[in-house]
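Residue numbers (this note's numbering): 25 to 205.
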């Protein structure tokens, strides 16, 4: 299976999806194993703790599989999964309205503990409006392209670009202000 920077090669994805629709469980396993870490990482940023993120990830894959017959493969399957994950995480946050999401950030996986400055990054990201934080996370933590982000959050590409530009300006300003104090 060839891996590209954006997921499975498009040909491999097409072939796997066709096999899955024909009932091939091994192909389904390959698809889930391939995308699970990315979707889990996304859910970790959007839910209050790891167990909730794992539940949201599982629900994402269950919904994707359940609605696979209705899925029309026009781009990357990954964008489709992120869209489902976004909706699942929104549903989970609605269920936990009384909890303050910003006060209880998710546990980090060892893979996510790349550098000591993660605490600074989390602090800076907390200062962004939700729409900007979402775009920054999808672009840099999940390495989605602007077009894929637009598909995931359901806005035009120019809106994504504008939010990203505004977020980066604000992060730079906040970072410089934090260093000076």
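Ideal placement from N, C-alpha and C gives every residue a C-beta, glycine not left out.
Host alpha helix (DSSP H) of residue i (start-end)
i: residue 81; result: 74–90
i: residue 172; result: 170–177
i: residue 66; result: 49–70
7 angstroms CB neighbourhood of residue i in its chain, flanking five on each side removed
i: residue 85; result: 56
i: residue 95; result: 104
i: residue 180; result: 174
i: residue 155; result: 187
i: residue 71; result: 77, 80, 113, 116, 130
For residue i, three-class secondary structure by DSSP
i: residue 111; result: helix
i: residue 155; result: helix
i: residue 189; result: helix
i: residue 96; result: coil
i: residue 167; result: coil
Same chain, Cβ closer than 6 angstroms to residue i, neighbours up to 5 away in sequence not counted
i: residue 133; result: With a pLDDT of 46 at residue 133, under the threshold of 50, the predicted position of this residue should be treated as unreliable, though the coordinate-derived value follows. For residue 133, where only same-chain residues beyond five positions count, there are no Cβ hits under 6 angstroms.
i: residue 139; result: In this prediction, residue 139 has a pLDDT of 40, which is less than 50 and means its spatial position is unreliable; what the coordinates show is noted afterwards. So no residue of the chain qualifies.
i: residue 172; result: 103
i: residue 52; result: 44
Assumed close pair residue i, residue j - CB separation to whole angstroms, cut-off 8 angstroms
i: residue 45; j: residue 92; result: 6 angstroms
i: residue 159; j: residue 182; result: Their Cβ separation, rounded to whole angstroms, is 12 angstroms, which puts residue 159 and residue 182 out of contact at 8 angstroms.
i: residue 176; j: residue 110; result: 6 angstroms
i: residue 152; j: residue 194; result: 6 angstroms
i: residue 59; j: residue 102; result: 6 angstroms
i: residue 80; j: residue 113; result: 5 angstroms
i: residue 148; j: residue 115; result: That pair is no contact at about 27 angstroms.
i: residue 54; j: residue 40; result: 6 angstroms
Are there three or more Cβ pairs, one per stretch, closer than 8 angstroms when the segment 59–71 is compared with the segment 147–167? Because the criterion of three Cβ pairs below 8 angstroms is met, the segment 59–71 and the segment 147–167 touch.
Does the segment 78–95 come within contact of the segment 106–115, defined as at least 3 CB pairs closer than 8 angstroms? The segment 78–95 is in contact with the segment 106–115.
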